[in-house]
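*Asks:* Just passing along the structure, written as C-alpha cells.
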Amino acid sequence: MGGLLNDIEYADIFELLAPELEQSASALRAALQKDGTGISSVVQSLESSGFDDSGMILSAPVIDHGQAIPLVAEGAKLTTRYVKALLGRQCQDVNTAIGPLKIAPTEALVAHYRSKMRRVLNAIVADVSRARSQGLRRFYGAADSSGHLKVAQECFAEVSEKLLESPECVTSLVRMVAASARRDPFGDGPDAALVAMVLFHQYLDRPGDDRGALVTIGTAALLQDISLSGENLQRATAQHAAQSAGMAATLGASPRVVGLIRQHHTMTDPQGRPALMSRGFLTPEAKVLVATNAFTDECSQSANGNPFEVAKKLSHLAAQRYVDTRAVRILCRLLLPKLKAYVLEQSDRIAAQCTRAEATPILWPILGDKVPTVFLCQDSLCQHRTEQVSHISRPVVFQVEGQEVASVSAGDYSTCSALTPHLRALHVALQGRGRG
Ligand SMILES: [Fe+2]
C-alpha cells in the first residue's frame, strides 16, 4: 500500500520539523531565526524523541537554491546531524532558500507519523480546558458532568484510530500540521467533533449504543475543513465544504461522512430559503453538524463567546429556521442555567403564536447578557404594532465562516403588543418561583 503513496513534500526544514516538535512551522521559523542558539535544543529534543529512527529517506536531493548545490543527496537518511546543519545554514541567512524536502513515504515513516498524529489528536481532545471561548468551556463543563463528554472522547479515539489506519490519511494529517500557521494544527476540527458527538448523542435520545452514529458525525466534523490549511485557514471560502468533501472521499471516508462534510454549513436550501423550510433536505446528522458549526463559529466570533449571547443568537437562527430548533435547544440547555434556557425555549413558543406572514418578531435584546424582555417587529400594517419604538442603530449580523446568514437590520422597530405581554408574564412567573 505504501508504494501508492506520493512523496511527502515540505517547503523547508521548518515545515518538516513542525509535526515532530508539535508546533507550527511559522512559530519555529520565527523562534530560530531570531535566536540561532535554539538550534541545539531543537536537535536535542529530536534526538530524545527518536527522530533518527523515524526512517526519513530523502527521495530527492536537498538543494540550496541560492547556490544550486545539493546539500544532502537523494536516498540519504535524514538524521539530526543533517537537520542541525540545514537549520544552521537556514538560520544564518533569512534569504537562504533550502528546499523543498521530499521524503519517501516508507512503511516505517508512516508508522512513525501514525503514532505522532495519534498522540497529538488524543492530547487535544483529552484537554478540553484549552478551549478559549467561554461558551465552549461552559459547554464542556456541562457535557462533562452529564457524562456525555466522556462518551464523545471515547468515540473520538475510535474516529482517530479509523482515520489513522489509512497511510494516505496519516500523511494528509501530517501535511495539515506542517502547513498550519496556527497553534492548533487541526483548527477547530477536534472541538467540532466533540461538540457534534455530544449533541448528537442527546439528539438521538436513545440510551442504547449509538457509537457508530457518533463516530460517523465525529469523523465528518474532524475532516470538514481539511481543505483549509496553512494560510487558507484564515480565509474560509464558500467552496471549502465541497473541496473538503472531495478530499475526504479520496482519503476513503464513507459516503455518509462525505455527504455530511458537503453540508456542514448548510443553512439555506438551493432556492436560498432557510434550510429547515425544506422538509428532508438535511438528515438529522447534518442538522446537528450545522448547529455545531453555528455554535463554534459564534463562540469564536462574539464577545469571548458569552454563553447567553451565543445562545440567544442561535435561538434567533433557529426561529428563522436556518438551524434546527431541537439541536439549538439541547445546546442552550448545556450552555445556560436552567431558567435562562427555559426563557429562550418559551420565547420560541410565544413567537410561534404570531401568524402574520409579513411579521418577523425578534426577541430583544438579542445581544449581551440581558434576559430578553420584549418582542420587536417591523410589520407596519399589524394591529399589534405599538407607539413604543426602539431604534436599532447597527445591524446584528450572523456570520458563519464569513457568510452572512440572517441578520437583524438597523432601523425602527415597534414593540409587539400581542407577544410581549406573554414574555413579561413568563418573567413574572419565574420570579414568582423566586429564581427569576
Ligand atoms: Fe467549515
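Each residue of the sequence shown is one higher than the one before, starting from 746 at the first, in my numbering. Here a beta-carbon is modelled for each residue, glycine too, at the ideal position from N, C-alpha and C. From a predicted model like this one, the values you see are computed outputs, not experimental measurements.
Distance check for Gln1091 and Gln1128, CA to CA, integer angstroms please.
*Replies:* Cα to Cα, Gln1128 sits roughly 23 Å from Gln1091.
*Asks:* Thinking just about the alpha-carbon of each residue, which of Gln1123, Pro1082 and Ile1111 is nearest to the one in Arg1101?
*Replies:* Nearest option by C-alpha distance: Gln1123.
*Asks:* So, with DSSP's three-state summary, where would you put Ile753?
*Replies:* Strand at Ile753.
*Asks:* Who are the near neighbours of Leu1171 in its chain, counting only those whose CB is closer than 7 Å to its CB and skipping five residues on each side?
*Replies:* Correct list, in chain order: Val1088 and Gln1091.
*Asks:* Taking Gly1113 as part of the alpha helix (DSSP H), name the residues at either end of that continuous run.
*Replies:* Run containing Gly1113: none; DSSP gives neither H nor E here.
*Asks:* If Tyr948 sits next to Leu846, beta carbons under 8 Å apart, how far is it from one beta carbon to the other, in whole angstroms?
*Replies:* Contact doesn't hold; Cβ gap of about 46 Å is too wide.
*Asks:* Check the C-beta distance from Leu1080 over to Ala1064 and give it rounded, since I have them as a contact under 8 Å.
*Replies:* Rounded, the Cβ-Cβ distance is 17 Å, inconsistent with contact.
*Asks:* Buried or exposed for Gly880, please, with buried defined as at least 16 other CB atoms from any protein chain shown within 10 angstroms of its CB.
*Replies:* It counts as buried.
*Asks:* For Glu1103, name the three-state secondary structure that DSSP assigns.
*Replies:* Here Glu1103 sits in coil by DSSP.
*Asks:* So the candidates are Gly997, Ala938 and Asp970; which of them puts its Cα closest to the Cα of Gln694?
*Replies:* Lying before the first or after the last residue shown, residue 694 is absent from the chain, which here runs from 746 to 1181.
*Asks:* Which residue marks the beginning of the alpha helix (DSSP H) containing Arg1130, and which one marks its end?
*Replies:* No alpha helix (DSSP H) holds Arg1130; the beta strand (DSSP E) holding it covers Arg1130 to Ile1137.
*Asks:* Rounded to whole angstroms, what is the Cα-Cα separation between Gln1098 and Pro1106?
*Replies:* The alpha-carbon atoms of Gln1098 and Pro1106 are separated by roughly 10 Å.
*Asks:* Please list the terminal residues of the continuous beta strand (DSSP E) segment that includes Cys1161.
*Replies:* Counting along the chain, the beta strand (DSSP E) containing Cys1161 begins and ends at Gly1156 to Cys1161.
*Asks:* Using only the alpha-carbon positions, how far apart do Pro1110 and Tyr1067 sit?
*Replies:* Between Pro1110 and Tyr1067, the C-alpha separation is close to 20 Å.
*Asks:* Closer than 8 Å by C-beta to Ile814: which residues in its own chain qualify, once you throw out the five before and the five after it? Chain order, please.
*Replies:* Contacts found: Ile808.
*Asks:* Step through the CB atoms of chain B and report whether any lies within less than 8 Å of the CB of Ser793.
*Replies:* Absent from the structure: chain B. Only one protein chain is present.
*Asks:* Is Asp936 close to ligand 1? I mean its beta-carbon at under 7 Å from any heavy atom of the ligand.
*Replies:* Not under cutoff, so the answer is no.
*Asks:* With a threshold of 16 other CB atoms inside 10 Å of the CB of Gly1181, please say whether the residue is buried or exposed.
*Replies:* Interpretation of Gly1181 is limited by its pLDDT of 40, a score under 50 that renders its predicted location unreliable; no figure is taken from the coordinates.
*Asks:* Just to confirm, is the Cβ distance from Ala1020 to Arg1007 under 8 Å?
*Replies:* No, the Cβ-Cβ distance between Ala1020 and Arg1007 is not below 8 Å.
*Asks:* Count the CB pairs spanning the stretch 832 to 841 and the stretch 868 to 876 that are closer than 8 Å, and state whether there are at least three.
*Replies:* At 8 Å Cβ cutoff, the stretches do not touch.
*Asks:* Would Lys1138 be called buried (16 or more neighbouring beta carbons within 10 Å of its own) or exposed?
*Replies:* According to the sequence provided, residue 1138 is Ser. The question's Lys does not apply to it. Counting Cβ neighbours within 10 Å, Ser1138 comes out exposed, since fewer than 16 surround it.
*Asks:* Could you work out which residue in Arg875, Ala966 and Ala805 is closest to Leu1034 when comparing CA atoms only?
*Replies:* Closest option to Leu1034, Cα to Cα, is Ala966.
*Asks:* Answer yes or no: do Leu1261 and Val1073 have a C-beta to C-beta separation smaller than 8 Å?
*Replies:* Given a span of 746 to 1181 for the chain in the structure shown, any question on residue 1261 remains unanswerable.
*Asks:* For Ala864, collect the residues of the same chain with a Cβ closer than 6 Å to its Cβ; drop the 5 residues on either side in sequence, then sort them by chain order.
*Replies:* Here residue 864 is Arg; the residue named in the question, Ala, does not match the sequence. Closer than 6 Å at the Cβ level, and outside the excluded window around Arg864, lies no residue.
*Asks:* Which one or two residues does DSSP pair with Pro1019 in a beta bridge?
*Replies:* Thr1013.
*Asks:* Is it right to say Arg1169 is buried, meaning 16 or more other beta carbons lie within 10 angstroms of its own, or is it exposed?
*Replies:* With fewer than 16 other Cβ atoms within 10 Å, it is exposed.
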